[in-house]
Amino acid sequence: MKRREFLELAGASLAAVAMPAVITSARAQGFPSGPITLIVAWPPGGGSDVSMRLLADGLSKKIGVPVVVLNKPGAGGAIGHREVVTAKPDGQTIGMFASGGVSLPYLNPQANTLDEMEPIAFFGEDAYALQASNASGIGSLKELIERARANPGKLRNGNDQPGGSSYVAISIFEKQLGFKVTKVAYGGYAPTVTALMGGEIDTAAVPVPDAIEPHRSGKLKLLGVASDERHFMAPEIPTFKEQGFDIVAGSWRCIIGPKGIPADRLSFLETNIIAVLKDPEFVDKAKKAGFALAPADGKATLARWKKDDAELYPILLEAGLVKARQK
Numbered sequence: 025m026k027r028r029e030f031l032e033l034a035g036a037s038l039a040a041v042a043m044p045a046v047i048t049s050a051r052a053q054g055f056p057s058g059p060i061t062l063i064v065a066w067p068p069g070g071g072s073d074v075s076m077r078l079l080a081d082g083l084s085k086k087i088g089v090p091v092v093v094l095n096k097p098g099a100g101g102a103i104g105h106r107e108v109v110t111a112k113p114d115g116q117t118i119g120m121f122a123s124g125g126v127s128l129p130y131l132n133p134q135a136n137t138l139d140e141m142e143p144i145a146f147f148g149e150d151a152y153a154l155q156a157s158n159a160s161g162i163g164s165l166k167e168l169i170e171r172a173r174a175n176p177g178k179l180r181n182g183n184d185q186p187g188g189s190s191y192v193a194i195s196i197f198e199k200q201l202g203f204k205v206t207k208v209a210y211g212g213y214a215p216t217v218t219a220l221m222g223g224e225i226d227t228a229a230v231p232v233p234d235a236i237e238p239h240r241s242g243k244l245k246l247l248g249v250a251s252d253e254r255h256f257m258a259p260e261i262p263t264f265k266e267q268g269f270d271i272v273a274g275s276w277r278c279i280i281g282p283k284g285i286p287a288d289r290l291s292f293l294e295t296n297i298i299a300v301l302k303d304p305e306f307v308d309k310a311k312k313a314g315f316a317l318a319p320a321d322g323k324a325t326l327a328r329w330k331k332d333d334a335e336l337y338p339i340l341l342e343a344g345l346v347k348a349r350q351k
């Protein structure tokens with residue numbers, strides 16, 4: 025899950041070949057024939073939604089047809105994933121897949137497995153951070169750790185459903201920092217941050233972009249960033265490493281489609297999505313919104329899936345969560 029490991033992987037595969045003959049073939053066959061639907065398995069307002077609306081706008085301008093974001097939240101992302109998997113494999117319906125989805129098949133027998141999805145392109149990865157509510161009175165990462173160690177389970181942490189990205193993140197923090205919190209599940213980063221601002225929970229572990237505005241306005245406290253370097257949106261906040269804790273963790277996003285999309289259409293989507301993600305105007309907009317881009321092709325995306333799948337299982341097993349499905 026370390027960013028440096030992803031960069032090594034992405035660096036070897038960023039050369040997404042345009043394949044002009046294949047793309048011409050897709051165009052000649054009338055693809056896309058109309059609006060493309062981009063399904064987001066999370067509610068409006070969170071980082072996943074905002075990032076995909078940026079991509080939809082850029083892709084629409086690039087290919088000349090509307091790209092419409094459709095939010096299908098619920099069941100930790102499983103509902104949205106099913107919408108993508110069961111869509112007609114004509115390339116007109118694609119979706120966003122986040123790192124938390126890797127764990128879903130272990131925890132929900134009804135969730136779609138990775139081999140039922142077609143990876144199209146890698147979007148990027150956001151570093152996790154730890155936040156505290158103003159009501160908690162916690163003012164530093166050290167203070168949070170000390171209080172949680174002294175009072176196991178008394179601090180309430182907002183996170184995804186069991187196995188989701190931020191659930192895994194706080195589980196990693198618990199293990200490596202030696203504390204315990206009570207996990208309270210919410211349906212995405214946006215409602216988690218809202219609950220934190222309202223004092224319903226004491227802490228949260230969401231990516232920096234999802235908590236940056238409340239941090240800047242003083243509605244919550246950003247305590248530390250789990251990355252190798254300080255985040256460009258919050259350069260005043262030290263990393264975990266700077267505070268004495270060698271932890272790097274992040275949440276990534278990619279674009280998927282249903283299995284069976286014709287090769288020429290798949291190449292058309294992959295090439296144009298990567299082109300948008302590399303476009304200077306889009307890069308600038310994404311940076312202003314707080315997203316760290318790392319465009320890569322479907323092959324590199326699949327490799328990342330497999331890597332995280334292999335690393336995730338022991339975490340779920342230790343947490344006692346691998347009961348619904350084991351591999």
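Numbering-wise (the working numbering), the sequence shown opens with residue 25 and increments by one.
For every residue, glycine included, the Cβ atom is placed at its ideal position computed from N, Cα and C.
Any idea what DSSP makes of residue i, helix, strand or coil?
i	result
I339	helix
K96	coil
T325	helix
K245	strand
V346	coil
T61	strand
N296	helix
S275	strand
I118	strand
P238	helix
G188	coil
I380	Because the chain spans 25 through 351 in this model, residue 380 falls outside it and cannot be assessed.
V91	strand
I280	strand
A228	strand
L2	No statement about residue 2 is possible, as the shown extent of the chain runs from 25 to 351 and does not include it.
A320	strand
G268	coil
G71	helix
R77	helix
G54	coil
R254	coil
G101	helix
How would you label residue i, buried or exposed, when you count the other beta carbons within 10 angstroms and need 16 or more for buried?
i	result
R173	exposed
I110	This sequence places Thr at residue 110; Ile is not what is there. By the 10 Å Cβ count, T110 comes out exposed.
E149	buried
P59	exposed
G268	exposed
R240	exposed
D184	buried
V64	buried
K245	buried
D139	exposed
D288	buried
S57	exposed
P304	exposed
A334	exposed
G188	buried
N175	exposed
W329	buried
G344	exposed
K270	Note on identity: in this sequence residue 270 is Asp, with Lys being the wrong assignment. The residue in question, D270, is exposed, as its Cβ has fewer than 16 Cβ neighbours within 10 Å.
F73	Inspection of the sequence shows that residue 73 is occupied by Asp rather than by Phe. Classification for D73: buried.
Go through its chain and collect everything with a Cβ distance to residue i's Cβ below 7 Å, but skip five positions before and after it.
i	result
T325	P143, A145, F146 and C278
M76	L62, V64, V93 and M120
S164	L247
G71	D150, Y213, P231, P233 and D234
P238	V217, M221 and L244
F55	G115, R289 and F292
A193	Y152, A229 and A273
Give every residue of the same chain whose Cβ lies closer than 6 Å to the Cβ of residue i, excluding the five residues on either side of it in the sequence, and list them in chain order.
i	result
V346	Y130 and L340
P68	N95
A102	L128, N132 and A135
I196	A273
G322	P143, I144 and E294
E342	none
L336	V126 and S127
W276	S123 and E149
Please go through the same chain and pick out, in chain order, the residues whose beta-carbon is closer than 8 Å to the beta-carbon of residue i, but skip the five residues on each side of it.
i	result
G177	K204, V205 and T206
Can you check whether the C-beta of residue i is within less than 8 Å of a C-beta belonging to chain B?
i	result
N175	The structure shown contains no chain B; it holds only a single protein chain.
Discussion item. Count Cβ pairs between the region 197-210 and the region 275-291 that sit closer than 8 Å; are there 3 or more?
Written reply: Judged by Cβ distances under 8 Å, the region 197-210 makes no contact with the region 275-291, as fewer than three pairs qualify.
Discussion item. Under 8 Å: do the region 249-265 and the region 207-223 share three or more Cβ pairs, one atom per stretch?
Written reply: No, the region 249-265 does not touch the region 207-223.
Discussion item. What ranges does the beta strand (DSSP E) occupy inside the region 194-226, keeping only unbroken runs of at least 3 residues that lie completely in it?
Written reply: Complete beta strand (DSSP E) runs here, min 3: 206-209.
Worksheet item: Contact between the region 66-80 and the region 248-258: three or more CB pairs below 8 Å?
Response: The region 66-80 makes no contact with the region 248-258; the number of CB pairs closer than 8 Å stays below 3.
Worksheet item: Where are the beta strand (DSSP E) runs, 3 residues long or more, that stay fully inside the region 125-172, in chain order?
Response: Listed in chain order, they are 141-151 and 153-157.
Worksheet item: Taking three-plus beta-carbon pairs below 8 Å as touching, is the region 154-172 in contact with the region 297-315?
Response: The region 154-172, when compared against the region 297-315, does not touch it at the 8 Å Cβ threshold.
Discussion item. Does the region 298-311 come into contact with the region 123-141, if we say contact requires no fewer than three beta-carbon pairs (one atom in each stretch) closer than 8 Å?
Written reply: Pairwise C-beta distances place the region 298-311 out of contact with the region 123-141, as fewer than three of them are shorter than 8 Å.
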